[in-house]
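Peer 1:
2 protein chains.
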Amino acid sequence: MRTLIIDCIEKIGETVEISGFIQTRRDHGKIVFLDVSDRSGMIQVVITGEKAEDVHSQDVVSITGKVQKRPENLVNKNISTGEIELSAEKLEVLSKAVELPFDMGAKDLDLQLPTLLDFRPLTLRHPKIKQIFKVQAAILEGFRKAATDLDCTEIVVPTIAASSTEGGAEVFKIDYYEHKAFLTQSPQLYKQMLVPVFERVFVVTKAYRAEPSVTTRHLSEITQLDCEIGFIEFPELLDMLEEVAVKTIKFAEEKCEDALKEFGVENVLFGKIPRLSVKEAQDVILKEFDRDNRKEKDLTPQDEIDICKWAREKHSSDFVTITHFPTSAKPFYTKPDPKDPEYSLSYDLLFRGVEVLSGSQRINDHSQLLESLKSRGMDPKNFEMYLQAFKYGMPPEGGFSFGLERLTMHLLKLSNVREASLFPRDMERVDIRLNQK
Amino acid sequence: MRTLIIDCIEKIGETVEISGFIQTRRDHGKIVFLDVSDRSGMIQVVITGEKAEDVHSQDVVSITGKVQKRPENLVNKNISTGEIELSAEKLEVLSKAVELPFDMGAKDLDLQLPTLLDFRPLTLRHPKIKQIFKVQAAILEGFRKAATDLDCTEIVVPTIAASSTEGGAEVFKIDYYEHKAFLTQSPQLYKQMLVPVFERVFVVTKAYRAEPSVTTRHLSEITQLDCEIGFIEFPELLDMLEEVAVKTIKFAEEKCEDALKEFGVENVLFGKIPRLSVKEAQDVILKEFDRDNRKEKDLTPQDEIDICKWAREKHSSDFVTITHFPTSAKPFYTKPDPKDPEYSLSYDLLFRGVEVLSGSQRINDHSQLLESLKSRGMDPKNFEMYLQAFKYGMPPEGGFSFGLERLTMHLLKLSNVREASLFPRDMERVDIRLNQK
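Below you can see the structure in the form of structure tokens.
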């Protein structure tokens, strides 16, 4: 009968059987120390050299032994099982690992990105790397909780579409029986169609971008966390997106406190989030940072960093909401500001210097939507089903969208978004490296 | 300030503003009755003909009026707001719907499937159809809860792969930059690679099958609910799959009691689930139904129906677990039964006459896995990264998988799986019908 490692704490003096992976092996003369981990934790095993012959990191073992208190001076305060150890009587190898291509025992796995990805099934086992995806799972859970608090219904939307979602060339083509089809660039059109059905919806789904470049921030396949809300106007929508963002990140931070500490990430500041239009933000940049970018239509990357610095110092907030981007720079469904149609009822949420969420109030009037499509040179015939939703009545509505991998990356301050994807896809790799022609 | 319809129950005598969709309109001389719905419920609105001129089903409206108790003899016990009505003072149209192509007011939307799908953004708004997807959302939530109870970590796996997952020709090809790639047929290989990382994982993800036929049970894009569990042997795995299935369906049944009633579905029977090997099931079929199919390698569709009938009558269970399918009929990663390798440690869970879940104990030994691939004429080179996971140590493990749409279909006894997908994909349709060549 297997005992989970964490439960050994309550079994001092008892004989138990644990199962798990050997993480590290340290030989001290005739005695060997093994760190063994299972899903619940890690324990130090003390074993004679002959019982542990040949076993090494990543071997899968089952060990029977007695749980003992460690001497006071050998207690390890960094792990929850640091006061105990297992004195092994029997060790059985359930699955033997071949020799490892690099050391998995160090606190940080110091590898170049290509190697990290070439050996993904192995490198993901490293305790620190594993934590990244514990945080990612917590972000998912936190987001669903926050969306459910808003009374959103979860929906499942397709990823195969007959035309490209939002225009643009960066779509993947599929051989769809005898026809052409595309992978969706976002769940946007589908979540909007479902507003008249459920009023408020959320979805966790895939989005695909055939970006023909390799950057530290882009993946070909990402996970989007989306909300879409009916019967809403702009200011209330801003309340909601901020609420969902804050709840999601708070949840992950609380659930994964240890992981965030391990990555050396300071606590997120949740002061009231300042809201500024692009123009207002540019005024702050001029006043506080002495750069006059008021002729730019958007914030520069340095502006984004600085406005977040300002928000952190002046508002104790790691977030800033930037609104009113130029209409021409936003997708066709974005609602222009009726007071100044050159600018739109759109927003980005910045988090520690970068955008992690964006969204907008949408055009809900059928004829205005047709106009908007046509003015961008897009053919309404490609949006036949989407447009139906507006023909048959659409309330005022809006929504927003996070990228899961990018949010994970910035919460943990990783340097490349590929580190925040279990199996990242880009133009150079689909698991293994693609042969260059 | 908007009041949700459900909250009107507590506001008798007060003037409120509601917003929602007109569902039905009934003219009685100078008085018009409107059924108006929002995400919280439906209310009857009484209004003069002149104030409600031209408004009809699917118009989006905002109505100000006084909440009144209905006379005793006009109470509608079928809806939670059946004791009240709204006496309208002002009606504002927020979005006008064009004339509808069919009546949306009947209890059942009596349309042929092609029409149901041609007008999907409209037909999904029908109260009964909407319920299907409330049940689907509950299945998702129930599954995640059940998997979390088992201590599974949620993972995100890719849907673009370099080779076809499990062999077979029914895969969709993608133009992936200058290379060829495929849409995954299941998350199988990825979830297995993550067992050494998290030990127990779950995933909700897309799976794609380019099935070149149109049946009532197949879609080209489906949603899979998967678990994969490490450090486990066959009998315990059977306990877990049954636990997850029962918890998932119980959760949906309890959360969506009204919806299941509306679809006329009797309560699910949760008696102890009988477990039979294919051979044992065939013996029951012979004994109880007088059909000798003992020479068949699998149960026939009629066998599945009858064995479920037997389970319901003799075991008060709407489920039956069938085990030990022929090894040759199962994918390469399925573990043969060491006692009789012609048969495998595999299982299907039948629910009310059809399979809704399948899975198996997996081969966790690297060399046995290589043999299995080769014996099926598959090239290990196409599974390079997957095989790494076994080279570096893999515990005994197994898992299982539901199809979300099929489970929704059978729980509600729908006649076609397309009814259980918001936007179904098949060889004839991607939203709109594909032009036949």
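Keeping their order, the protein sequence lines are chains C and X.
FYI, my numbering numbers position 420 of the first sequence as 420, with every residue one higher than the one before it.
FYI, my numbering numbers position 375 of the second sequence as 375, with every residue one higher than the one before it.
A virtual CB, placed ideally from N, CA and C, is assigned to each residue, including glycine.
Note that the coordinates shown come from a computational prediction; the quantities given were computed from them, not determined experimentally.
In terms of DSSP beta bridges, what is M42 (chain X) paired with?
Peer 2: DSSP lists X:S37 as partners of M42 (chain X).
Peer 1: Can you tell me whether V430 (chain C) is buried or exposed? The criterion is at least 16 other CB atoms within 10 Å of its CB, across all chains shown.
Peer 2: Buried: at least 16 other Cβ atoms inside 10 Å.
Peer 1: For a test of the three-state rule: what should DSSP assign to E17 (chain C), helix, strand or coil?
Peer 2: In this structure, E17 (chain C) counts as strand in the three-state DSSP scheme.
Peer 1: Identify the continuous beta strand (DSSP E) that holds K90 (chain X) and give its terminal residues.
Peer 2: Unbroken beta strand (DSSP E) run through K90 (chain X): 84–95.
Peer 1: Is any beta-carbon of chain X found at less than 9 Å from that of H410 (chain C)?
Peer 2: H410 (chain C) does not count as touching chain X.
Peer 1: Along the segment 55–87 of chain X, what residues have a CB closer than 8 Å to any CB found in chain C?
Peer 2: Per Cβ criterion, the list reads Q58, D59, V60.
Peer 1: Sort C:E99, C:P424, C:C308 by Cα distance to T159 (chain X) and report the nearest one.
Peer 2: The shortest Cα separation from T159 (chain X) among C:E99, C:P424, C:C308 belongs to C:P424.
Peer 1: My understanding is that V156 (chain C) touches L124 (chain X), with C-beta atoms under 8 Å, so please give their C-beta distance in whole angstroms.
Peer 2: Actually they do not touch by this definition, with Cβ atoms about 12 Å apart.
Peer 1: Quickly, what does DSSP pair I322 (chain C) with across the bridge? List them, please.
Peer 2: In the DSSP output, where bridge partners are listed per residue, I322 (chain C) has C:L276, C:D348.
Peer 1: Less than 8 Å between C-beta atoms, sequence neighbours within five positions excluded: which residues of the same chain meet that for S40 (chain X)?
Peer 2: Taken in chain order, the residues that qualify are L4, I5, I6, D7.
Peer 1: From D59 (chain C) to Y392 (chain X), what does the alpha carbon distance come to, in whole angstroms?
Peer 2: Approximately 7 Å, taken between the alpha carbons.
Peer 1: Say whether chain C places a C-beta atom closer than 9 Å to the C-beta of T444 (chain X).
Peer 2: There is simply no residue 444 (chain X) to check, as chain X begins at 1 and stops at 437 in what is shown.
Peer 1: Could you give the DSSP three-state label for D396 (chain X): helix, strand or coil?
Peer 2: This sequence places Pro at residue 396 (chain X); Asp is not what is there. Three-state DSSP puts P396 (chain X) in coil, outside helix and strand.
Peer 1: With DSSP run on the structure shown, which of helix, strand or coil describes K437 (chain X)?
Peer 2: Residue confidence for K437 (chain X) is low, a pLDDT of 41 falling below 50, so the modelled location carries little weight and cannot support an answer.
Peer 1: Mind checking if T300 (chain C) is an interface residue toward chain X, Cβ cutoff 9 Å exclusive?
Peer 2: Not an interface residue.
Peer 1: Compare the C-beta of K437 (chain C) with all C-beta atoms of chain X and state if any pair is closer than 9 Å.
Peer 2: Because K437 (chain C) carries a pLDDT of 41, less than 50, the predicted location of this residue cannot be relied on, and the following value inherits that uncertainty. Taking Cβ atoms only, chain X reaches closer than 9 Å to K437 (chain C), which makes this a yes.
Peer 1: Which term fits G49 (chain X), buried or exposed, when burial requires 16 or more other beta carbons within 10 angstroms of its beta carbon?
Peer 2: So G49 (chain X) ends up on the exposed side.
Peer 1: Verify whether the separation of the beta carbon atoms of A138 (chain X) and F251 (chain X) is less than 9 Å.
Peer 2: Taking 9 Å as the Cβ cut-off, A138 (chain X) and F251 (chain X) qualify as a contacting pair.
Peer 1: From the DSSP output, which residues share a beta bridge with D59 (chain X)?
Peer 2: None, per the DSSP bridge assignment.
Peer 1: Could you tell me whether any Cβ in chain C is nearer than 9 Å to the Cβ of F402 (chain X)?
Peer 2: False, the Cβ-Cβ gap to chain C never drops below 9 Å.
Peer 1: I need the boundaries of the alpha helix (DSSP H) containing Y190 (chain X), first residue and last residue.
Peer 2: Its alpha helix (DSSP H) spans residues 188–193.
Peer 1: Where does the unbroken beta strand (DSSP E) through K206 (chain C) begin, and where does it stop?
Peer 2: Note, K206 (chain C): beta strand (DSSP E), 200–208.
Peer 1: Ignoring anything shorter than 3 residues, give me the beta strand (DSSP E) runs that lie fully in the segment 207–256 of chain C, in order along the chain.
Peer 2: Qualifying beta strand (DSSP E) stretches, in chain order: 221–230.
Peer 1: How would you call G65 (chain X), buried or exposed, if buried means at least 16 neighbouring beta carbons within 10 angstroms?
Peer 2: Answer is buried; the Cβ neighbour count reaches 16.
Peer 1: Beta carbons nearer than 9 Å to chain X: which residues of the segment 354–372 of chain C have them?
Peer 2: Within the segment 354–372 of chain C, the qualifying residues are N364, D365, H366.
Peer 1: Where do the N-terminal and C-terminal ends of the alpha helix (DSSP H) with K374 (chain C) fall, by residue?
Peer 2: Counting along the chain, the alpha helix (DSSP H) containing K374 (chain C) begins and ends at 366–375.
Peer 1: Indicate whether the contact test is met: 3 or more Cβ pairs, each with one atom in the segment 234–251 of chain C and one in the segment 217–224 of chain C, closer than 8 Å.
Peer 2: The segment 234–251 of chain C is not in contact with the segment 217–224 of chain C.
Peer 1: Rounded to a whole number of angstroms, what is the C-alpha to C-alpha distance between D426 (chain C) and F234 (chain C)?
Peer 2: Between D426 (chain C) and F234 (chain C), the C-alpha separation is close to 36 Å.
Peer 1: For the alpha helix (DSSP H) that D118 (chain C) lies in, which residues bound it at each end?
Peer 2: Here the alpha helix (DSSP H) through D118 (chain C) covers 113–118.
Peer 1: Closer than 8 Å by beta-carbon distance: list the chain B residues that pair up with V98 (chain X), in chain order.
Peer 2: Protein chains C and X are contained in the structure displayed, whereas chain B is not.
Peer 1: Where does Y177 (chain X) fall in DSSP's three states?
Peer 2: Correct three-state label for Y177 (chain X): coil.
Peer 1: Between C:K287, C:P396, C:L350, which has its C-alpha nearest Y333 (chain C)'s C-alpha?
Peer 2: The option with the nearest alpha carbon to Y333 (chain C) is C:P396.
Peer 1: Name, going along the chain, the residues of the segment 114–139 of chain X whose beta-carbon falls closer than 8 Å to a beta-carbon of chain C.
Peer 2: Those residues of the segment 114–139 of chain X that come within reach of chain C (Cβ to Cβ, closer than 8 Å) are F119, R120, P121, L122, L124, R125, K130, F133, K134, Q136, A137.
Peer 1: Between the segment 158–190 of chain X and chain C, which residues of the former have CB atoms less than 8 Å from a CB of the latter, in chain order?
Peer 2: Against chain C - using a Cβ distance shorter than 8 Å - the residues of the segment 158–190 of chain X are P158, T159, I160, A161, A162, F172, K173, I174, D175, Y176, Y177, E178, H179, A181, L183, Y190.
Peer 1: Would E199 (chain X) count as contacting chain C if we go by Cβ distances under 9 Å?
Peer 2: Taking Cβ atoms only, chain C reaches closer than 9 Å to E199 (chain X), which makes this a yes.
Peer 1: In or out: K107 (chain C) buried (at least 16 other Cβ within 10 Å) or exposed?
Peer 2: Flag for K107 (chain C) reads exposed.
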